[in-house]
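Novice: Sharing a structure below in structure tokens format, with a few things to ask.
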């Protein structure tokens, strides 16, 4: 058994002594024993726990969440590390693809290789599709069959640079219009701003899905309301929560 003081544990872990003490105060990393003059002693057991805490922190977990996880009776260290390992490998693969894309871009700008316009954006589009599948895949499959989703993904993946720019421009205009409407005390759905917001969202959907119909537009509105993650996508990009307003606008113009 190896014993460490606060300063020694701080030295081997890279965590400040102040942070270690704070972890103790909130019950996240309590010392093995406290001797005279508040002299804290840590053992290999606390070292292992601190390592697990840092892994969770690296993935963005809050301290309260980490404490709750570590104190679960059925908490399995190895199983949790295996899950984290999967995430790390996925992140490493994403970074490798990005690095490969940057290498190709460097060669292109140095005149050593050709790079088509679609290739310049392929890495970003692939990552967008991957995140879209992870976040919303299950919900989309409740509404649409695999052929429709495959057509959507293929269309997005093969999108030209000009269409990709139009997509971003339409979305930016939508958020701008929503922000303008949210500043008003009384929102008039028949106003030109509300109509512009609908048309921007409609344009965005038409680029994403060439098989667009107003019925499809209304269905997407219901998905936005039913799933909090869709709602957050819009709420997080405007000054105030906007998804309910967007749904009202869609219903007003598409139904």
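In UniProt numbering, the protein residues as written are 1 to 255. Each residue gets a CB set at the ideal place from its N, CA and C atoms; glycine is no exception.
Excluding the five sequence neighbours on either side, which residues of its own chain have a C-beta within less than 7 Å of the C-beta of residue 63, listed in chain order?
Specialist: Here the set comprises 26 and 28.
Novice: Just the C-alpha distance for residue 199 and residue 88, rounded to the nearest angstrom, thanks.
Specialist: Distance between the alpha carbons of residue 199 and residue 88: 40 Å.
Novice: Going by alpha carbons, who is nearest to residue 218 out of 229, 204 and 252?
Specialist: Nearest option by C-alpha distance: 252.
Novice: Apply the 10 Å Cβ neighbour rule to residue 46 and answer buried if 16 or more other Cβ atoms are within range, or exposed otherwise.
Specialist: Counting Cβ neighbours within 10 Å, residue 46 comes out buried, since at least 16 surround it.
Novice: Look up residue 30 in the DSSP assignment and say whether it is helix, strand or coil.
Specialist: Coil.
Novice: Mind checking which residues open and close the alpha helix (DSSP H) that includes residue 39?
Specialist: It is not in any alpha helix (DSSP H) - residue 39 instead sits in the beta strand (DSSP E) that spans 39-41.
Novice: Confirm, please, whether the CB-CB distance from residue 81 to residue 75 is below 8 Å.
Specialist: Cβ distance not < 8 Å, so residue 75 and residue 81 don't count as in contact.
Novice: Per DSSP, what are the beta-bridge partners of residue 35 in this structure?
Specialist: DSSP, once it has assigned bridges, lists 39 as partnering residue 35.
Novice: For residue 42, does the count of other Cβ atoms within 10 angstroms reach 16, so buried, or fall short, so exposed?
Specialist: Buried, by the Cβ-count rule.
Novice: State the start and end residues of the unbroken alpha helix (DSSP H) segment that holds residue 324.
Specialist: The requested residue 324 is not part of the displayed model; the chain covers only 1 to 255.
Novice: How would you write the range of the alpha helix (DSSP H) that residue 229 sits in, first residue to last?
Specialist: 228-235 is the span of the alpha helix (DSSP H), which, as asked, contains residue 229.
Novice: Kindly indicate which residue of 184, 51 and 35 has the alpha-carbon position closest to the one of residue 9.
Specialist: Closest by alpha carbon: 51.
Novice: Please report the Cβ distance between residue 257 and residue 246, rounded to the nearest whole angstrom; I am assuming they are in contact, meaning their Cβ atoms lie under 8 Å.
Specialist: As displayed, the chain neither begins before 1 nor continues past 255, which places residue 257 out of reach and without an answer.
Novice: According to the neighbour-count rule (16 or more other Cβ atoms, all chains shown, within 10 Å of its Cβ), is residue 31 buried or exposed?
Specialist: It counts as buried.
Novice: Identify the continuous alpha helix (DSSP H) that holds residue 177 and give its terminal residues.
Specialist: First-last of the alpha helix (DSSP H) with residue 177: 161-182.
Novice: Please name the residue in 180, 212, 248 and 228 whose C-alpha comes closest to that of residue 240.
Specialist: Among 180, 212, 248 and 228, the Cα nearest to that of residue 240 is on 180.
Novice: Tell me the rounded alpha-carbon separation between residue 208 and residue 22.
Specialist: Distance between the alpha carbons of residue 208 and residue 22 is about 49 Å.
Novice: Output the boundary residues of the alpha helix (DSSP H) element that contains residue 67.
Specialist: Unbroken alpha helix (DSSP H) run through residue 67: 63-70.
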